[in-house]
Amino acid sequence: MSKKNVLKALLICFIVPSLFSQSGEERDFSAIIQDLQNRFEVQFNYASELAENTVLAAPDSDLKLRPSLEYLEKKLNLRFEFLSPTVISIFRKTTICGRILDKNTGEPLPYATVQTEKKGTITDEGGYFEMELPKTARQLQVHHIGHRSLYRSTAFLSKNDCADLYLIARPEELEEVIIYDYIIRGMAKSSEGSYDIDFKRMGLLPGLIDDDVLQTVQVLPGIQSVDETVSNINIRGGSNDQNLFLWDGIKMYQSGHFFGLISMYNPYITKNVSLKKNGSSAGMTDGVSGTIAMATENYIDPDTKGGISINLLDAAGFSNIALSSKSSLKVAARKSISDFVDTPTFSSYFDRIAQNTEVSNAEENASGESDIGFDYYDTALRLLYRPSEKDRIRANVIYVSNELNFTENPMTSSFGQGRESMAEQNSLGFGLFYTRQWNRSVHTDIEIYNTDYRLRAVNANVERNQRFLQENTVSETGAKLSISSALGENSRFSNGVQLFETKVTNLDDVDEPRFIDLQGNVLRTYALWSELSLLPPNKQTRANIGLRYNYLDKFQKQLIEPRIGINHKISKKFDAELLGEFKHQSTSQLINFQTDFLGLEKRRWQLADEVSVPVITSRQVSLGLNFNDRGWLASTAGYYKKVYGITTQSQGFTDLYQFARTSGDYASYGADVLLRKEFKKSAVWACYTFLNSTYFFDELPETEFQSNFNITNTLCLGANKEIGKFRLAGSMNYRSGKPFTGLNETEPVTDGSLNYNAANEERQKPFFRTDISTSYKMDIKEIGSLRLAFSIWNVLNRKNVLNTTFAANSADTPIRREQLSLGLTPNFSLRFQID
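In the numbering used here, the protein residues as written are 57 to 891.
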């Protein structure tokens, strides 16, 4: 017997007896009601037309009152309402449906909130909704971000089948999506130059099984990670500390779990991402290379729902709790499963982060197996409250932690007992946001946040009987007030004030010999900004022109930063884009020694002091051209960027300059190119990035040489396909090898010192990786859905060398160490969601 027939047989075995137990002989509805009144001593009130020509199988005589009523409800689409314990009214259920559309464009509006006083739902991707209308409902409310709310009498809806309801866009909302499905479904590009990702619509990406925010953005041209981590994302030649990470407006100083291998932002609650490589709003600061702004859903979900998932790395879950028609609470949490099971995926990730660190050295030098434990977890909370139609309040909390502990056992008993080393990295952020829509034209926003970051490690050296404690903390509090006014239907004028205080401390504590070095710095920054957004009547050109004034009180330094973004529609198929910005940032990540913090997360945050660590400033301009027609997309952008005030310690040197202490600049120019063809249920894409990035350090022996992040050529090819409930995706990724400094072949070591060649004149072998993913989603009627997903990272198991370092031994022989990328790494996930 086939599997299909076996399933049918099982269903029959369970369902058929149930049907027979619920029904008896066919009778008139009025006779059934009379029988129930006599048996249970109750009184039914109903309109006579409900009983006309209504004949059905009576409920089983063994059933009690409520199960009998539930049976009749399902059979006849009725609702039984208890007015008292003995008086029951019967009503015909009223189901309404409709589509929510944009008044100007006629486009459907997905995820709009449709609700009455007691019940609600959300429109699907096509703007369609369907819901049962409570008897007492008098008014239907429709809300959608960027549109005016709509209020409609339920009497109108009950008389019209699937009515079309139109929402009017707020005049101050000028941003327009010019390219939908930029690479795959769920990605878009706006007229303001940002790349927006909506994970509720997101298609499947190769190598991923969950919505990993920081792995997803690396699909975009011009964004990559030279060491294959999410904690070292390089945007157009910049280092990771030059990126601004925002989670619902809270600035974050940590980005990854597993000390950088996966995103720390929970996919169950982080639903939207906006990436800016250039041309950011005047209301944004920091991030001289780029801004990655993540957001939770900003609408009140009227339904209580939840979900859980598990993969070969962690388990996660979420719950959305509808507190009232005006408020909802969403909570999400995730934890690694290493405490319970050691999966091949987890082992592969752990081996990757432990390469050439104190952890791997301890295992190699241990007399027996080292006791190693690793754990990570995160939790996030978002509360939405809408006290009135004009007011919105949002509160957010996020907490993230990574913990590693291991015991280093001595090779001989003469060194005494084993000692425990540990490293932990955690972040805690809180934000409170208030929006007031004063009238059709004016709204204000108030944002307050506090973020705390801590990296701490204890390195217990058994042979030296020494304990080395290191700690790096960041605490920042910020506040922002902005007001936006619509100037007619086609322009907007925004102004704001912002202030924040950042405190960074660094501690080095050695017990033998005793040494303590504690350094702390505080910097307050004040800013004013204005921005004008213009849309001429012909709607062919959109322009954002802004100016930001910054004052750094400690240095009495003033910085004026212009911003510009212009998009011009040449024709229905072509549009051109000009972006430019000046920016600054006062924090950067420095590396004192490659062995700091056990070598796991050796970068520590440092505040600018304008002596050894300057305030970083940047200037950038880019020009792009897009073609979009009949599923074909061709997009290209050329750019030039100059960044001033970087330090050698922030660039991750592992060669002759790793102990250099000086500052300089870098310049990058290049081009990002994307070609995509979209079909009905599939997409094929190719991307190419050219980059030339050069350092300028006046105080080094070599004043000009190529950057550590100068990946000259990057090429990707990808495709995905939907077949019913199945999704398939695959890609190939190629890039030039990372620059590194080699040794003199004739005399590599002299008197214990390494003889290096010219800086970064050599390259690793080209990087190449192939990834695949597949998923299947099964809808469970009236409950939710079940999703299975499987992926393989680096299908060909290619050993890509990410970095090469050298050391000299006592015999003046060079030791070559290579850091390898992840090998073949499978992953599997199971996700159950209750809707």
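No residue lacks a Cβ here, since even glycine has one placed at the ideal position from N, Cα and C.
Bear in mind the structure is a predicted one, so any value in this text is a computation, not a measurement.
Start and end of the beta strand (DSSP E) containing Val209? Going by the sequence as given, residue 209 is Ser instead of Val. DSSP places Ser209 inside the beta strand (DSSP E), whose first and last residues are 206–209.
Considering only C-alpha positions, which residue in the set Lys698, Thr718, Tyr696 is nearest to Gln705? The residue with the shortest Cα to Cα distance from Gln705 is Thr718.
Who does Ile146 pair with in a DSSP beta bridge? Beta-bridge annotation (DSSP): Ile146 is paired with Phe136.
Count Cβ pairs between the region 250–264 and the region 783–791 that sit closer than 8 angstroms; are there 3 or more? Yes, they touch.
Would you report the Cα separation of Ala113 and Lys833, rounded to the nearest angstrom? Distance between the alpha carbons of Ala113 and Lys833: 36 angstroms.
Between Pro870 and Leu810, how many whole angstroms is the CB-CB distance? I'm expecting something under 8 angstroms. Right, their Cβ atoms sit about 7 angstroms apart.
Where Tyr309 falls: helix, strand or coil (DSSP): Tyr309 falls in the coil class under three-state DSSP.
Since Phe185 and Gly162 should fall inside the 8 angstroms C-beta cutoff, what is the C-beta to C-beta distance between them, to a whole number of angstroms? About 17 angstroms separates the beta carbons of Phe185 and Gly162, which is beyond the 8 angstroms limit, so they are not a contact pair.
Just the Cα atoms here: how many angstroms apart are Gln274 and Asn853? For Gln274 and Asn853, the gap between their C-alpha atoms comes out near 20 angstroms.
Cβ neighbour criterion (16 or more within 10 Å) applied to Ala479: Classification of Ala479: buried, given that the 10 Å Cβ count is 16 or more.
Can the beta-carbon of Ile89 be found closer than 8 angstroms to that of Phe96? Between Ile89 and Phe96, the C-beta spacing is not below 8 angstroms.
From Ala775, Glu557, Asn600, residue whose alpha carbon lies closest to that of Phe892: Given a span of 57 to 891 for the chain in the structure shown, any question on residue 892 remains unanswerable.
Rounded to whole angstroms, what's the CA-CA distance from Ser345 to Ser295? Just pull it up for me. In a straight line, the C-alpha of Ser345 is about 8 angstroms away from that of Ser295.
Can you grab the Cα-Cα spacing for the pair Gly293 / Lys159, in whole Å? So the alpha carbons of these two residues sit roughly 43 angstroms apart.
Going by other Cβ atoms of all chains shown within 10 Å of its Cβ, with 16 needed for buried, is Gly312 buried or exposed? So Gly312 counts as buried.
With 16 other CB atoms within 10 Å as the buried threshold, where does Arg570 fall? Exposed, because fewer than 16 other Cβ atoms sit within 10 Å of the Cβ of Arg570.
Rounded straight-line distance, which links the Cα of Leu844 to that of Arg887: Those two C-alpha atoms are separated by around 6 angstroms.
Helix, strand or coil for Val397, going by three-state DSSP, please let me know. Val397 carries a coil assignment under DSSP once its states are collapsed to helix, strand and coil.
Cα-Cα separation between Arg510 and Val456, rounded to whole angstroms: Arg510 and Val456: Cα-Cα distance of roughly 10 angstroms.
Looking only at its own chain, which residues have a Cβ that is under 8 angstroms from the Cβ of Pro822, when we skip the five neighbours before and after it? A distance below 8 angstroms between beta-carbons, with the five flanking residues on each side excluded, links Pro822 to the following residues of its chain, in chain order: Tyr790, Arg791, Ser792, Gly793.
With Phe709 and Asn748 assumed to form a contact (beta carbons below 8 angstroms), what rounded beta-carbon distance in angstroms separates them? Wrong, their Cβ atoms sit about 19 angstroms apart, outside the cutoff.
Within 10 Å of its beta-carbon, does Asn322 have 16 or more other beta-carbons around it, so buried, or fewer, so exposed? Counting every other CB atom within 10 Å of its CB across the protein chains shown gives Asn322 a total of 16 or more, marking it as buried.
Helix, strand or coil for Gly655 per DSSP? Note: Gly655 maps to helix in three-state DSSP.
Could you pull the DSSP bridge partners for Gln195 from this structure? Note: Gln195 sits in a beta bridge opposite Ser209.
For a minimum of 3 consecutive residues, which ranges assigned as the beta strand (DSSP E) are wholly contained in the region 445–519? Fully enclosed beta strand (DSSP E) runs of 3 or longer: 447–464, 475–493, 498–517.
Can you look up Glu229 in the DSSP assignment and give me helix, strand or coil? Note that Glu229 scores 47 on pLDDT, short of 50, meaning its location in the model is unreliable and no value can be drawn from it.
Which residues does DSSP list as the beta-bridge partners of Met320? Answer is none; Met320 lacks a bridge partner.
Three-state secondary structure assigned by DSSP to Gln875: Judged by DSSP in its simplified three-state form, Gln875 adopts strand.
Is the region 722–735 in contact with the region 248–259, if contact means three or more CB pairs nearer than 8 angstroms? Look at the beta carbons and you see the region 722–735 not touching the region 248–259: under three pairs across the two are nearer than 8 angstroms.
Own chain partners of Thr360 with C-beta closer than 7 angstroms, once the 5 adjacent residues on each side are dropped: Annotation for Thr360: Asn376, Ile377, Ala378 place their beta carbon closer than 7 angstroms to its own, counting only its chain and skipping 5 residues before and after.
Which one of Ala723, Ala742, Tyr722 has the shortest CA to CA distance from Leu731? For Leu731, the closest C-alpha among the options Ala723, Ala742, Tyr722 is that of Ala742.
Of the choices Ile289, Gly278, Val282, whose alpha-carbon is the least far from that of Val269? Ranking Ile289, Gly278, Val282 by CA distance to the CA of Val269 puts Ile289 first.
Sorted by chain position, which residues of the same chain lie with C-beta nearer than 6 angstroms to Gly182's C-beta, five sequence neighbours on each side aside? Beyond the five residues adjoining it in sequence on each side, Gly182 comes within less than 6 angstroms, by CB distance, of Pro164 in the same chain, given in chain order.
Between the beta-carbon of Val453 and the beta-carbon of Phe486, is there less than 8 angstroms? Going by C-beta atoms, Val453 is nearer than 8 angstroms to Phe486.
Note down the Cα distance separating Lys613 from Glu760, rounded to an integer number of angstroms. Cα to Cα, Lys613 sits roughly 29 angstroms from Glu760.
Apart from the five residues on each side of it in sequence, which residues of its chain come closer than 7 angstroms, Cβ to Cβ, to Ser333? The sequence given here places Lys at residue 333; Ser does not occur at that position. So the list reads Gly278, Ile291, Arg292, Gly346, once near-sequence residues are dropped.
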